[in-house]
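Residue numbers (the numbering used here): -2 to 46.
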């Protein structure tokens, strides 16, 4: 697997974590940081394609 694929998969995994944390009503700061890291992973993966 290429680095781009790994970054996209990690970004999607973190995105699932964002959804799960939001449903559990965890602190918004934690959800926000996880969402930012997910977005950065997805963006880096897409830019490497």
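Quick reminder that beta carbons are idealized off the backbone N, C-alpha and C, glycines included.
Exercise for the section: May I ask you to report which of helix, strand or coil DSSP gives residue 31? Expected result: By 1-based counting over the chain shown, the position of residue 31 is 34. Residue 31 falls in the helix class under three-state DSSP.
Practice task
Using alpha carbons as the reference points, say which of -1, -2, 6 lies closest to residue 39.
Solution key: The sequence position of residue 39 within the chain shown is 42, counting from 1. Here the closest residue by C-alpha is 6.
Problem - Whole-number beta carbon distance between residue 35 and residue 4, since they are thought to touch under 8 angstroms - result: Start at 1 with the first residue of the chain shown, and residue 4 comes out as number 7. Start at 1 with the first residue of the chain shown, and residue 35 comes out as number 38. With a Cβ gap of about 11 angstroms, residue 4 and residue 35 do not count as contacting.
Exercise for the section: Please report the residue range of the alpha helix (DSSP H) in which residue 11 lies. Expected result: Stepping through the chain shown from its first residue, residue 11 is reached at position 14. 0 to 20 is the span of the alpha helix (DSSP H), which, as asked, contains residue 11.
Handout entry: Three-state secondary structure assigned by DSSP to residue 39
Key = Residue numbering aside, residue 39 sits at position 42 when the chain shown is read from its first letter. Residue 39 falls in the helix class under three-state DSSP.
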